[in-house]
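Student: The structure under discussion is supplied below as structure tokens; questions concerning it will follow.
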Amino acid sequence: MRKFFVTAACLCMLAIPVYGTNVDAASVPWDSTIELKGTVNIGSTVTIPARVYHAGTPEGGYEDSYSTGGVGYYQMNVTAGQSYYIDSKECDVTFYDSEGNSPYGERDNYYAVKNETIYLYFSHYEDEAEQATIRAGQTFTGNVTKADGWGDNVYYYTPSLSGQYTFRVSSSDDEVNPGLYIGMMKRDYFSSLKSKDLKWTSGFGYEEVTANLQAGTCYAINVYSGGNYNPYTLSLTQKPAVSVASVKAKKAVSKKAKKAVITWKKASGVDGYQVTYSIKKNFKKAKSVNVSAKKAKVTLKKLKRGKKYFVKVRAYRNVEGARYYGGYSKTLKVTVR
């Protein structure tokens, strides 16, 4: 199934079949009996009947030939910000928005810009029934391998940080030339980033593209596998360094037996704090506790009476499933009661 990466300059508006009724023969010349089959959602699997060819009459010959079947017509309620993916090797699909426009043409991905009811038009040319499953869009989180890649595939990526990112698509076959491109979501179409804002590097069996991306913006990464069903791996090889604010430790006091209270000044833009303590100045065999970003104090318990403890604090941020730590504060000392 061949897909297309659509830019603002090449948008096309396609005639939409009549909703809920038989399709106008002018819209679907090979079959005028297609009806709206029902509503589908993420997880739904539809079966598109076999395409049947009917030969022309002796009088008309080829002019009278026609086909039936091979098509299906459904509606789907979509949610703004959600992407949808049609999983099928044989069925092509065209998405129509609530206004009857199809800015994407034939493709297997749809990104919803608002809550609305859209329409899906499936078609294939096989003489056997084919299935298609609606799944959540192909969200990219850092690495994906597609073993049956065909043509183009689109993945959606929303960075948590602004800065420079590098994506790489590679194939185990050095004779294959996979490629990729980055676009940005607009209201109802993909707009490719300007060539001057992209830097490509390529070699045998791979291609990389580097671009400056903005945090919170949904981008579309368009991957071309390089040929029929060639496996490929898409990976994120570079992203901006995560900066974490430093922490200023204030006091460490022990007013109760076997306990010590540690306080610090709150840092901005962090997700929490890690307090590390030990009876060794070099923090050998140290213990640590994590504290919510809402707090600037922790009580350490079950400490050894009469012992001097060394304590330090650092902040951390959680970004795209990984935890990043800032530098430690100065070391505080406290003798436990």
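In mature numbering (1 follows the signal peptide of the UniProt record, and there is no 0), the protein residues as written are -20 to -1, 1 to 317. Quick reminder that beta carbons are idealized off the backbone N, C-alpha and C, glycines included. Just so we're clear, the structure is a prediction, and the values are computed from it rather than from any experiment.
In the structure shown, what three-state DSSP assignment does Asp177 receive?
Tutor: Locating residue 177 in the sequence shown gives position 197, counting from the first residue. Here Asp177 sits in helix by DSSP.
Student: Is the separation between the beta-carbon of Ser63 and that of Thr119 shorter than 8 Å?
Tutor: Counted from its first residue, the sequence shown places residue 63 at position 83. Counted from its first residue, the sequence shown places residue 119 at position 139. Contact: yes.
Student: Mapping the DSSP letters down to three states, classify Asn2 as helix, strand or coil.
Tutor: For this step, residue 2 is matched to residue 22 along the sequence shown. Below a pLDDT of 50, predicted positions are generally treated as unreliable, and Asn2, at 41, falls in that range; the measurement from the model is reported next regardless. Coil, per DSSP.
Student: To the nearest angstrom, how far is the alpha carbon of Lys235 from that of Lys260?
Tutor: Taking the first residue of the sequence shown as position 1, residue 235 is located at position 255. Taking the first residue of the sequence shown as position 1, residue 260 is located at position 280. Roughly 21 Å between the two C-alpha positions.
Student: Is it right to say Trp180 is buried, meaning 16 or more other beta carbons lie within 10 angstroms of its own, or is it exposed?
Tutor: Along the sequence shown, read from residue 1 onward, the residue named residue 180 stands at position 200. When all chains shown are included, Trp180 counts as exposed.
Student: Could you check how far apart the C-beta atoms of Ser140 and Ala195 are, in whole angstroms? I think they sit under 8 Å.
Tutor: Sequence index remark: in the sequence shown, residue 140 carries index 160 (1-based). Sequence index remark: in the sequence shown, residue 195 carries index 215 (1-based). Confirmed, about 6 Å.
Student: Could you check whether Arg317 and Tyr253 sit closer than 8 Å to each other, using their CB atoms as the reference points?
Tutor: Locating residue 253 in the sequence shown gives position 273, counting from the first residue. Locating residue 317 in the sequence shown gives position 337, counting from the first residue. Going by C-beta atoms, Tyr253 is not nearer than 8 Å to Arg317.
Student: What residue does the beta strand (DSSP E) around residue 319 start on, and which one ends it?
Tutor: Lying before the first or after the last residue shown, residue 319 is absent from the chain, which here runs from -20 to 317.
Student: What does DSSP give as the partner residue(s) for Gly52 in the beta ladder?
Tutor: Counting from 1 along the sequence shown, the entry for residue 52 is found at position 72. Per DSSP, Phe102.
Student: Considering only the alpha carbon of each residue, which of Glu155, Gly52, Tyr305, Val124 lies closest to Cys71?
Tutor: Translated into positions along the sequence shown, residue 71 becomes position 91. Comparing Cα-Cα distances from Cys71 to each of Glu155, Gly52, Tyr305, Val124, the minimum goes to Gly52.
Student: Please state whether DSSP places Asp107 in a helix, a strand or coil.
Tutor: Looking up residue 107 in the sequence shown gives position 127. Three-state DSSP puts Asp107 in coil, outside helix and strand.
Student: Compute the Euclidean distance between the alpha carbons of residue 330 and Ser309, then round it to the nearest angstrom.
Tutor: Since the first residue shown for the chain is -20 and the last is 317, residue 330 is missing from the structure and cannot be characterised.
Student: Please report the distance separating the alpha-carbon of Val233 from that of Lys287.
Tutor: The residue given as residue 233 occupies position 253 in the sequence shown. The residue given as residue 287 occupies position 307 in the sequence shown. Roughly 13 Å separates the two Cα atoms.
Student: Is the beta carbon of Lys231 less than 8 Å from the beta carbon of Leu283?
Tutor: What you label residue 231 is simply residue 251 of the sequence shown in a count that begins at 1. What you label residue 283 is simply residue 303 of the sequence shown in a count that begins at 1. No, the Cβ-Cβ distance between Lys231 and Leu283 is not below 8 Å.
Student: Among Glu155, Thr279, Leu214, Val222, whose alpha-carbon lies nearest the alpha-carbon of Trp244?
Tutor: Indexing the sequence shown from 1 puts residue 244 at position 264. Checked all of Glu155, Thr279, Leu214, Val222; the closest Cα to Trp244 is Thr279.
Student: Which partner residues of Asn262 appear in the DSSP bridge assignment?
Tutor: Translated into the one-based positions of the sequence shown, residue 262 becomes position 282. BP columns for Asn262 are empty, so no partner.
Student: Would you tell me roughly how many angstroms separate the C-alpha atoms of Thr256 and Val241, rounded to the nearest one?
Tutor: Here residue 256 corresponds to residue number 276 of the sequence shown, with the count starting at 1. Here residue 241 corresponds to residue number 261 of the sequence shown, with the count starting at 1. Approximately 13 Å between the Cα atoms of the pair.
Student: Any idea if Phe184 is buried or exposed, counting beta-carbon neighbours within 10 angstroms, 16 or more meaning buried?
Tutor: Translated into the one-based positions of the sequence shown, residue 184 becomes position 204. Counting Cβ neighbours within 10 Å, Phe184 comes out exposed, since fewer than 16 surround it.
Student: Can you list, in chain order, the residues of its chain with a C-beta nearer than 6 Å to that of Tyr135? Leave out the 5 residues immediately preceding and following it.
Tutor: Taking the sequence shown and counting its residues from 1, one reaches residue 135 at position 155. Taken in chain order, the residues that qualify are Gln118, Phe120, Ile201.
Student: Roughly how many angstroms separate the alpha carbons of Ser258 and Phe290, rounded to a whole number?
Tutor: On the sequence shown, residue 258 is found 278 positions in, with the first residue counted as 1. On the sequence shown, residue 290 is found 310 positions in, with the first residue counted as 1. Cα-Cα distance, rounded: 5 Å.
Student: Taking only three categories from DSSP, how would you classify Glu155?
Tutor: Reading the sequence shown from its first residue, position 175 is the one you call residue 155. Glu155 falls in the coil class under three-state DSSP.
Student: What does DSSP give as the partner residues of Gly183 in its beta bridges?
Tutor: Start at 1 with the first residue of the sequence shown, and residue 183 comes out as number 203. Answer is Tyr186.
Student: Just confirm the distance between the C-beta atoms of Thr250 and Val271, as a whole number of angstroms; I'd bet it's less than 8 Å.
Tutor: In the sequence shown, residue 250 corresponds to position 270, counting from 1. In the sequence shown, residue 271 corresponds to position 291, counting from 1. One point to set straight first is that residue 250 is Val, not Thr, in the sequence displayed. No, Val250 and Val271 are not in contact; Cβ-Cβ is about 11 Å, not under 8 Å.
Student: Is Glu300 helix, strand or coil by DSSP?
Tutor: Translated into positions along the sequence shown, residue 300 becomes position 320. Here Glu300 sits in coil by DSSP.
Student: Helix, strand or coil: which one does DSSP assign to Asp44?
Tutor: Counting from 1 along the sequence shown, the entry for residue 44 is found at position 64. If DSSP states are grouped into helix, strand and coil, Asp44 belongs with the helices.
Student: For a test of the three-state rule: what should DSSP assign to Ser231, helix, strand or coil?
Tutor: Within the sequence shown, residue 231 is the residue found at index 251, counting from 1. Strictly speaking, residue 231 in this sequence is Lys, with Ser absent from that position. Looking at Lys231 - three-state DSSP - the assignment turns out to be strand.
Student: Assuming the contact rule is C-beta atoms closer than 8 Å, Ser172 and Gly163 should be a hit. Round their C-beta distance to whole Å, please.
Tutor: Sequence index remark: in the sequence shown, residue 172 carries index 192 (1-based). Sequence index remark: in the sequence shown, residue 163 carries index 183 (1-based). Rounded, the Cβ-Cβ distance is 5 Å, consistent with contact.
Student: Nearest to Val189 by alpha carbon, out of Val203, Thr197, Cys198?
Tutor: What you label residue 189 is simply residue 209 of the sequence shown in a count that begins at 1. Comparing Cα positions, the closest option is Val203.
Student: Pull up the distance between the alpha-carbon of Thr125 and that of Arg285, whole angstroms please.
Tutor: The sequence position of residue 125 within the sequence shown is 145, counting from 1. The sequence position of residue 285 within the sequence shown is 305, counting from 1. Thr125 and Arg285: Cα-Cα distance of roughly 56 Å.
Student: Compare the beta carbon distance of Gly206 and Val156 with 8 Å and say whether it is the shorter of the two.
Tutor: Here residue 206 is taken as the residue at index 226 of the sequence shown, counted from 1. Here residue 156 is taken as the residue at index 176 of the sequence shown, counted from 1. Yes, Cβ-Cβ distance for Gly206 and Val156 is below 8 Å.
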